[in-house]
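Beneath this line is the structure, given in structure tokens, with notes to follow.
Residue numbers (my numbering): 1335 to 1638.
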């Protein structure tokens, strides 16, 4: 992947925690190695799935640095900017560039539901703080702010805005954006259980969640779509769908960390106020993951 090119599979990795909810940097490095071995095209650190809301800026930078050291130039490391204030976001962006981060995924400022003018000003201010390319993260379902096609048109004069993580949950937005803006932005799907549809409609990458537990399956789906082998991609995708549905709702972090734990043996610990799943919630996730593992497709059939 070239700088400013965010095609392919980009896992939004979870932040591995010790039993006392401290960041486990050794486990972060092991996770990055696991993803790269699975064939991914980049690493996104400290996103929503990475529990960004409970990490300090210093922790985020330490996670990014560990990921960069492990990646060793094999794939780019992208840091998420999801801060409460524009000033904090800009400061983190500047520090990220200093340690070797190769791109940023930027959200609107948290907590406050800004209007369009405020959102655009936030993005421009963060962009001015570094020379790094930026993925604009649009997730109105989770964060209450919709970065519309018209807003993207207004932002198009800033060359650092190179891609959009499209997480509206409405695949019509993909065609609307492409019709209005052509290839000005790389569109990346951010909704796991709409990923295949989104890739067929024109998204060039998948910022994925369940990839953290199943990288090879995720990568194979993407490669098959790129080769136009849609029926074969559908075979894997339909197996994957019950697992991909875990990437939805307020407890998606707990669900995906538990899926990782079952599939890979990694730590399911989350940072409070989140708590690990118990009771029927845990049983339901375990049943989905165990059924998926039992029916896991033989990827050698696809010759990739």
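Beta carbons: idealized from backbone N, C-alpha and C, even for Gly.
Note that the structure is a prediction, hence the values are computed from the model and not measured.
In the assembly as shown, residue 1347 is a buried residue. Its beta-carbon has 16 or more other beta-carbons within 10 Å. Residue 1460 carries a helical assignment under DSSP once its states are collapsed to helix, strand and coil.
Per DSSP, residue 1440 is not a residue of any alpha helix (DSSP H); the beta strand (DSSP E) it occupies stretches across 1437 to 1440. Along the region 1474 to 1525, the beta strand (DSSP E) occurs as fully enclosed runs of 3 or more residues at 1495 to 1500 and 1520 to 1523, listed in sequence order. Residue 1458 holds the alpha-carbon nearest to the alpha-carbon of residue 1491 among 1458, 1480, 1477 and 1522. Per DSSP, reduced to three states, the secondary structure at residue 1619 is helical. Contact holds between the region 1420 to 1434 and the region 1445 to 1464, because three or more Cβ pairs, one in each stretch, are under 8 Å apart. For a cut-off of 8 Å, the C-beta gap from residue 1575 to residue 1527 is around 6 Å, short enough to register as a contact.
With 16 or more other CB atoms across the displayed protein chains lying within 10 angstroms of its CB, residue 1410 is buried.
Looking from the CA of residue 1370, the closest CA among 1359, 1405, 1380 and 1354 belongs to 1405. Beta-carbon to beta-carbon, residue 1341 and residue 1561 are separated by about 14 Å, too far to satisfy the 8 Å threshold.
Taken through DSSP and simplified to helix, strand or coil, residue 1342 comes out as strand. For residue 1542, the uninterrupted beta strand (DSSP E) run begins and ends at 1539 to 1542, by DSSP. Put simply, the backbone Cα of residue 1510 is about 40 Å away from that of residue 1357.
Residue 1638 and residue 1557 have their C-alpha atoms spaced approximately 8 Å apart. When the Cα atoms are used, residue 1343 and residue 1482 turn out to be separated by approximately 24 Å. For residue 1397, the enclosing alpha helix (DSSP H) begins and ends at 1391 to 1405. Straight through space, the alpha carbons of residue 1351 and residue 1497 are spaced by roughly 30 Å.
Counting the other CB atoms within 10 Å of its CB gives residue 1415 a total of 16 or more, which places it among the buried residues. Cα atoms of residue 1425 and residue 1629: separation of roughly 46 Å, rounded to the nearest angstrom.
In this structure, residue 1512 keeps its C-beta atom at 8 Å or more from the C-beta atom of residue 1539. Here DSSP, grouped into helix, strand and coil, assigns residue 1374 to coil.
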